[in-house]
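I have placed the structure first, in the form of C-alpha cells, so that the comments after it can refer back to it.
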Amino acid sequence: MYDVIVVGARCAGSPTAMLLARAGLRVLLVDRVTFPRDTFRNHAILSPGTLSLTSWGLLDTVIASNCPPVRTVTFDFGDGPLVERLDSREDGVDAIYMPRRYVLDEILVNAAITAGAEFRPAFTVTGLVWEHGRVAGIEGRSGGRTFTERASVVVGADGHRSVVGRAVEAPVVREHPVVTFGYYSYFSGVPVGGVEGWMTPETSLHLMFPTNDDLTCVAIQGPSSGYAAFKADIAAGFDAYLDQVSVVADRVRAGRREERWLGTGDLPNVVRQASGPGWALVGDAGCVKDPAPAHGISDAFRDAQSLSDALCAGLAPGADLDAALADYARVRDEEALPSFEAAVAAASLALPPEVYEMRAAMRAQLA
Ligand SMILES: Cc1cc2nc3c(=O)[nH]c(=O)nc-3n(C[C@H](O)[C@H](O)[C@H](O)COP(=O)(O)OP(=O)(O)OC[C@H]3O[C@@H](n4cnc5c(N)ncnc54)[C@H](O)[C@@H]3O)c2cc1C
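And the structure:
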C-alpha cells in the first residue's frame, strides 16, 4: 500500500513523485516507457519553470547536461525585432534553458528516485481500483504480467490522453477547438543568439533556439487549416514557411537538418477537473493547450508543486484528504485557466493592437 501512485514520469509526474517522496511519503511512480526516452514535445522552459528547477535543486543538473543558456529572447511580429535581455527581468532569472526532453525527463525521473520514490518503467496502467466510490489504486501490466497496486491517492500525470482522467471521467471545465499545427526538427550549422521568433500574423510562427548536442531547434506553427497540405509534403511545406521570413530562410538553409521532422495537427485545448475522491490530475492530463506560448512544462512543474503541497497536508494524520484534494483543484483552476486562455489567444497568431503598442513603447525606452 502506497500513500500516492503517480502515473506518468515526465514533467508533471516525476516532480510530483519527487516532492512527495522528499516529504517522506511512500510513492510509486510508473511509466509505460523506459528512460532516457525522447518524446514528441518541444522543450523551451520559460522563467517560471526555471524558478521551479532552481527551487528543487535541479537546475545545475540541467546546466551540466551541456545545454546552452539562453540570455536573450528576440521576437519580431512584423514590426521589427525586439530583444528582451533576461538579466533585466525582475524575477531574478537571467538565463533559461531548453534541454532535449530525453535529457530533461531523465533528470526528473532520477530526482524522483533519489528522493525515495519507487520507479517502475515499462509499466502500463490499464485501469483503476475503486473502493466505496473512490479511487484506491491502479491496475497495470509490465513484462507480460498484470499487477494491482493500492494507494490513498492516484495521480494522473499521463499526458493529454490520460488513462486516469478517462477512468475517473474527469469533467471538462473548459475547451477550445484545435487552432494550430506544429512541426520542428534539429539543425547543425545554424547559430542562434538565444530564443529567436518571428510571427507573420495569422499565418505562421517561427521559432529557433539552442539545445543540447550543439543543435538548434527550428520550429514552425501554422493555422490548423494548413495541416493536411503541410503533412502531405513536409519538405515543400517547410520551404514555403521558410520563404515567409527570409532572414530565417537564409540561416536555416545554410545549416543541415540532423533529425527527422516531428509534427502534429493534434494540439487540443482542454481543461479537466483536477481532482476527485482519491484522484488528481497534473500537467497535460488536467490541462492541455496549444504550445505557442511554451507554457506547458512550466505549468506541469507548477501543478506538481501545488499538488504535492496539498497532499502533504491532506495525508497528515487526522487531516481531511478530500478537502486537500478539493483545495488543489481550486488552486489549479486559478493558476491554469489564465494560462489556458493565453495559449488559445497566442495560437490565433493574431496579436491585439495593445501588444504592438507595448512593443513600440519598449523599443522607444531601449533607444
Ligand atoms: C509540439 C509541442 C511542442 C511543445 N513545446 C513546448 C515548449 O517549447 N515549452 C513548453 O513548456 N511546453 C511545450 N509543450 C507542452 C509540453 O510538452 C507539455 O505540456 C508537457 O510535456 C506536459 O508534461 P506531462 O508530464 O503532463 O505529459 P507528457 O509529457 O505527455 O508525459 C506523460 C507520460 O505519461 C506516460 N503515460 C501515458 N499513459 C500511460 C499509461 N497508461 N501508463 C503509464 N504511463 C503512461 C507517457 O509514457 C509519458 O511519459 C509542447 C507540446 C507539443 C505537443
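Residues in the sequence shown are numbered consecutively from -6, following the numbering used here. Glycine included, each C-beta is placed from N, C-alpha and C at the ideal position.
Consider the C-beta atom of residue 288 and the heavy atoms of ligand 1; say whether any pair is separated by less than 7 Å. Numbered from its first residue, the sequence shown carries residue 288 at position 295. Yes.
Residue 260, DSSP secondary structure in three states: Start at 1 with the first residue of the sequence shown, and residue 260 comes out as number 267. Coil at residue 260, not helix or strand.
Mind the definition here: the segment 142 to 154 touches the segment 298 to 315 only if three or more C-beta pairs lie below 8 Å; say whether that holds. A contact exists between the segment 142 to 154 and the segment 298 to 315.
Taking the DSSP output, what are the residues bridged to residue 113? Reading the sequence shown from its first residue, position 120 is the one you call residue 113. Note: residue 113 sits in a beta bridge opposite 23.
Restricting to Cα atoms, I'd like to know which of 290, 183, 123 is closest to residue 246. Position 253 of the sequence shown holds residue 246. Across the set 290, 183, 123, the C-alpha of 183 shows the shortest separation from the C-alpha of residue 246.
Roughly how many angstroms separate the alpha carbons of residue 66 and residue 37, rounded to a whole number? Position 73 of the sequence shown holds residue 66. Position 44 of the sequence shown holds residue 37. When rounded, the distance between both Cα atoms is 11 Å.
Below 8 Å between beta carbons: does that hold for residue 119 and residue 130? Position 126 of the sequence shown holds residue 119. Position 137 of the sequence shown holds residue 130. Their beta carbons are not under 8 Å apart, which means residue 119 does not touch residue 130 by this criterion.
In the DSSP assignment, the beta strand (DSSP E) including residue 305 goes from what residue to what residue? Taking the sequence shown and counting its residues from 1, one reaches residue 305 at position 312. Premise fails: residue 305 lies in the alpha helix (DSSP H), 289 to 307, not in any beta strand (DSSP E).
Nearest to residue 104 by alpha carbon, out of 293, 11, 297? Residue mapping note: residue 104 aligns to position 111 of the sequence shown, counting from 1. Checked all of 293, 11, 297; the closest Cα to residue 104 is 11.
For residue 45, collect the residues of the same chain with a Cβ closer than 6 Å to its Cβ; drop the 5 residues on either side in sequence, then sort them by chain order. By one-based count along the sequence shown, residue 45 stands at place 52. Hits under 6 Å: 294.
Three-state secondary structure (DSSP) of residue 266: Mapped onto the sequence shown, residue 266 falls at position 273. Coil at residue 266, not helix or strand.
Locate the beta strand (DSSP E) running through residue 351, then write down its first and last residues. Residue numbering aside, residue 351 sits at position 358 when the sequence shown is read from its first letter. Element bounds for residue 351: not the beta strand (DSSP E) but the alpha helix (DSSP H), 346 to 359.
Please report how far the alpha carbon of residue 315 lies from the alpha carbon of residue 165, in whole angstroms. Residue mapping note: residue 315 aligns to position 322 of the sequence shown, counting from 1. Residue mapping note: residue 165 aligns to position 172 of the sequence shown, counting from 1. About 20 Å.
I need the DSSP call for residue 192, collapsed to helix, strand or coil. Start at 1 with the first residue of the sequence shown, and residue 192 comes out as number 199. Annotated three-state conformation of residue 192 is strand, per DSSP.
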